[in-house]
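Quick mapping for you: the protein sequence lines, in order, are chains A and B. Count the first sequence with the numbering used here and you get residues 1258 to 1676, in order. Count the second sequence with the numbering used here and you get residues 114 to 278, in order. Ideal Cβ positions, reconstructed from N, Cα and C, are used throughout, including at glycine. Reading through the structure tokens given below for one structure.
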Amino acid sequence: MKIKKHLSSLFIGIGILILITACSAFGQTQWSEDELATLQTLWIGSLPPLPVDPSNKYADNLEAATLGQKLFFDTRFSSNGKVACATCHLPDKLFQDGMPLAHGVGTTNRRTMTIIGTAYSPWFFWDGRKDSQWAQALGPMENPVEHGGNRTQYAHLIAEFYADEYTALFGPLPDLSNLPLNAGPVADSETAANWQAMSSADRAAVTQIYVNIGKSIAAYERLLIPGESRFDKYVEAVLNKDYQSAQDILTPDEIAGLKLFIGQANCTQCHNGPLFTNNGFHNTGVPDAQNLPEDFGRAVGVQRVLADEFNCLSIYSDAQPGQCAELNFLIAEGDQLMRQYKPPSLRNVSERGPYMHAGQFATLEEVLKHYNTAPEALAGLSELEPLNLSEKEIAEIIAFVKTLVSPINTDPSWLTKPE
Amino acid sequence: MKQINLKSKFARVLLWVIILLGGLVIAFPIFKDSPPTFIGSPTLVSDPTSDDLDYSNAQLSDNGLFNVSYTASTGTIPINQIHQWILHVETANGQPVENATIAVDGDMPEHGHGLPTRPRVTRYLGEGNYLVEGIKFQMGGWWVIDFTITTNDQTDAVHFNMQLK
Chain A
1258 MKIKKHLSSL FIGIGILILI TACSAFGQTQ WSEDELATLQ TLWIGSLPPL
1308 PVDPSNKYAD NLEAATLGQK LFFDTRFSSN GKVACATCHL PDKLFQDGMP
1358 LAHGVGTTNR RTMTIIGTAY SPWFFWDGRK DSQWAQALGP MENPVEHGGN
1408 RTQYAHLIAE FYADEYTALF GPLPDLSNLP LNAGPVADSE TAANWQAMSS
1458 ADRAAVTQIY VNIGKSIAAY ERLLIPGESR FDKYVEAVLN KDYQSAQDIL
1508 TPDEIAGLKL FIGQANCTQC HNGPLFTNNG FHNTGVPDAQ NLPEDFGRAV
1558 GVQRVLADEF NCLSIYSDAQ PGQCAELNFL IAEGDQLMRQ YKPPSLRNVS
1608 ERGPYMHAGQ FATLEEVLKH YNTAPEALAG LSELEPLNLS EKEIAEIIAF
1658 VKTLVSPINT DPSWLTKPE
Chain B
114 MKQINLKSKF ARVLLWVIIL LGGLVIAFPI FKDSPPTFIG SPTLVSDPTS
164 DDLDYSNAQL SDNGLFNVSY TASTGTIPIN QIHQWILHVE TANGQPVENA
214 TIAVDGDMPE HGHGLPTRPR VTRYLGEGNY LVEGIKFQMG GWWVIDFTIT
264 TNDQTDAVHF NMQLK
């Protein structure tokens, strides 16, 4: 029969077609609808526009950012003339210093955090003791082991070296000629005594200059946003159903790691959203660091932010009280605040060891092993549960995390010391 | 294409090997990972404890005293963004409940943690409407929000389930 002659060819054809379809299907990872939705929330394309900072009316002012960049790199703003913000927040180290503790004029008790993307966070420092970027910038400047300086010293520097830029932005400088060289509410007793001896009008005038320094630096820091990573390119391809491209972007191990990251490993409990952090406070049973005072995390940080001279409700803030929701509705008490810390963004995290608030873990392997075992917290209650991940699965998660490397999405001129 | 003589045993074996291999290669990625799913189709495995929950934003309170509904200031409920709700409270027969005292609480039953903030009713807006400020959800998933409503003579509680993404 004639049909029989062609039937064999037909079978061969179907067989080959099945093989080809199967091979291409095998190359695609199967994502459920829920997983796809999660991938989209992690994708850089889901990053909303920079939130307005109602407490800083200069936050989006480019002249303020230009001044802020100069101040960020200026080592004169320290007790020994050698420490600037950039000393610990190094632009070519992702705006941190790669060390367990920070070294200004002395040594801190906690790790330098990256600045990239932090304009999206309502809280600053590991314990959230500051509630704006400008208030945060002022913390290290009067801290005795960081910049070690004082606000009256800084006011004199502005008058001497930045008078034009300052005046153009903030109006005329007050007369500082009768003020001591060094005065401020700092640890050094002589400097503090000088501060107490000043009139309240003089103190307010100097503090206003100090505040404007912080607001300028914050305007600069807001420009530091993470760019697109390999992970983001993968998600974009998957969302566009371009599976051919997708499988060329991430390796099977990296994809397996991603599946674990959003699934069994439970990372997105804290590391969620396009910045891979929810900027909240979490206790993950991080061990003590050696030879450092007890660290209570958010339990102390929350008291400090509520009392902070420069918080959203302060007279130096440009916000209306009704715009301070984070401060007005935070959790102020409870044992759960003990040893809670703010998770940093995981973008570029593989380049930013060591890890945790005092650099307790040198490598991502140590971090993952800690999460896998889930030891009890020293104080408060750890959110961790043992994950039962195999060595291979841990390696896959780390492989995925490494795909979050990306450049800073900012004009390169912002990333170097200005002339 | 040159016809292949199916009478040849080799050809028949080759054909079956191709079909079997193809079948295996299709089957392998499908059944390798759990849950077994296909790209773009609804998930075949959903959370057993939050399945079949009523996610409506309008609920009757536990003892039937109040009909309560909410709207978020942002429209859809965002993750990691502090925002406000308007809570509307009526009696069971549709009368607005005025000047009640309302307490707010919430948690994620599967994760054993509560809200990351302390939201409060800050103002009575009239006509049974209450402004709830300071609401924030720091991750997606199944959340339960509870309101305990006290009027002059009565107290009742209402619960809302949400599946946030």
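Problem set entry | Ile1654/A classed as buried or exposed, judged by whether at least 16 other C-beta atoms fall within 10 angstroms | With 16 or more other Cβ atoms within 10 Å, it is buried.
Exercise. Any chance the region 1420 to 1430 of chain A sits against the region 1600 to 1612 of chain A, with 3 or more Cβ pairs inside 8 Å?
Worked result: no
Problem set entry | CB contact below 7 Å: Lys122/B versus chain A | no
Exercise. Hey, how far is the Cα of Thr1332/A from the Cα of Glu1551/A?
Worked result: 31 Å
For this session: Could you spell out the range, first to last residue, of the alpha helix (DSSP H) harbouring Gln1526/A?
Result: It is not in any alpha helix (DSSP H) - Gln1526/A carries neither H nor E in the DSSP assignment.
Problem set entry | Cβ-based burial, Arg1368/A [other Cβ within 10 Å; buried from 16] | buried
Exercise. What residue range is occupied by the uninterrupted alpha helix (DSSP H) comprising Val1492/A?
Worked result: 1487 to 1496
Exercise. Which residues in the same chain have their Cβ closer than 6 Å to the Cβ of Trp1671/A, if we skip the five residues on either side of it in sequence?
Worked result: Leu1480
For this session: Could you confirm whether any beta carbon from chain B is found closer than 7 Å to the beta carbon of Phe1381/A?
Result: no
Exercise. Out of Met1455/A, Gln1297/A, Glu1290/A, which has the shortest C-alpha to C-alpha gap to Leu1438/A?
Worked result: Met1455/A
For this session: State the CB to CB distance for the pair Phe1352/A and Ala1341/A, rounded to an integer number of angstroms; the pair is presumed to be in contact (CB under 8 Å).
Result: Actually they are not in contact, since the Cβ atoms of Phe1352/A and Ala1341/A sit about 12 Å apart, beyond 8 Å.
Exercise. Can you tell which of Ala1619/A, Ala1294/A, Pro1379/A has its C-alpha closest to the C-alpha of Asp1310/A?
Worked result: Pro1379/A
Exercise. What are the residues that DSSP puts in a beta bridge with Gln172/B?
Worked result: Val181/B
For this session: Flag this pair as touching only if the region 1603 to 1618 of chain A and the region 1506 to 1515 of chain A have three or more C-beta atom pairs under 8 Å; answer yes or no.
Result: Between the region 1603 to 1618 of chain A and the region 1506 to 1515 of chain A there are fewer than three inter-stretch CB-CB distances shorter than 8 Å, so the stretches are not counted as touching.
Problem set entry | Test: Ser147/B CB closer than 7 Å to a CB of chain A | Bear in mind that the predicted position of Ser147/B carries a pLDDT of just 41, short of 50, making it too unreliable to give a figure here.
Exercise. Excluding the five sequence neighbours on either side, which residues of its own chain have a C-beta within less than 7 Å of the C-beta of Ala1392/A, listed in chain order?
Worked result: Gly1471, Asp1565, Phe1567, Asn1568
For this session: Mind reading off the beta-carbon distance from Asp1384/A to Val1557/A? Whole number of angstroms is fine, and I expect it under 8 Å.
Result: 6 Å
Exercise. Does Gln276/B get closer than 7 Å to chain A when you measure Cβ to Cβ?
Worked result: Taking Cβ atoms only, chain A never reaches closer than 7 Å to Gln276/B, which makes this a no.
Exercise. Thinking C-beta only, is Val1443/A closer than 7 Å to Leu1296/A?
Worked result: Not a contact, by the Cβ cut-off of 7 Å.
Problem set entry | CA-to-CA distance, Lys1649/A to Lys122/B, given in whole angstroms | 44 Å
Exercise. By how many angstroms is the C-alpha of Ala1589/A removed from the C-alpha of Val1559/A?
Worked result: 6 Å
For this session: Along the beta strand (DSSP E) that carries Trp1383/A, what are the first and last residues, could you check?
Result: Taken as a continuous stretch (DSSP letters only), Trp1383/A belongs to no beta strand (DSSP E), as it is neither H nor E.
Exercise. If you measure from the beta carbon of Gly241/B to each beta carbon in chain A, is any gap under 7 Å?
Worked result: no
For this session: Kindly list the residues whose CB is nearer than 7 Å to the CB of Glu1485/A, restricted to its own chain and excluding five residues on each side of it in sequence; keep chain order.
Result: Ile1301, Ser1663
Exercise. Asn274/B: which of Ile190/B, Val202/B, Ile132/B sits nearest, CA to CA?
Worked result: Between Asn274/B and the set Ile190/B, Val202/B, Ile132/B, the nearest pair of CA atoms involves Ile190/B.
Exercise. What's the C-alpha gap between Val158/B and Gln251/B?
Worked result: Since pLDDT at Val158/B reaches only 41, below the 50 mark, its modelled position is unreliable, and the value read off the structure follows with that caveat. Taking the straight line from one Cα to the other gives about 24 Å.
Exercise. Thinking C-alpha only, which one of Leu1532/A, Val1495/A, Glu1623/A, Gly1396/A is nearest Val1562/A?
Worked result: Gly1396/A
Exercise. Checking contacts by CB at 7 Å: is Gly219/B closer than that to chain A?
Worked result: no
Exercise. If we ignore side chains and look at the alpha-carbon of each, how far apart do Glu1523/A and Arg1487/A end up?
Worked result: The residue asked about is misnamed: residue 1523/A is Asn in this sequence, not Glu. Computed Cα separation, rounded: 21 Å.
Exercise. Asn1535/A touches chain B at which residues, Cβ-Cβ below 7 Å?
Worked result: For Asn1535/A, the chain B residues whose C-beta falls within less than 7 Å of its own C-beta are Asn193, Gln251, Met252, listed in chain order.
For this session: Could you please give the first and the last residue of the uninterrupted beta strand (DSSP E) stretch that includes Val204/B?
Result: For the record, residue 204/B in the displayed sequence is Thr; it is not Val. Segment 196 to 204, the beta strand (DSSP E) holding Thr204/B.
For this session: Please say whether Val1468/A and Tyr1315/A have beta carbons closer to each other than 7 Å?
Result: no
Exercise. Between the region 129 to 136 of chain B and the region 1633 to 1645 of chain A, do at least 3 Cβ pairs fall closer than 8 Å?
Worked result: no
For this session: Less than 8 Å between the CB atoms is what I'm expecting for Asn1666/A and Ile1482/A, so what's the real figure, rounded?
Result: 5 Å
Exercise. In terms of alpha-carbon separation, which member of Asp269/B, Gln267/B, Trp256/B lies closest to Ser169/B?
Worked result: Trp256/B
Problem set entry | C-beta neighbour in chain B for Phe1586/A, strict 7 Å | yes
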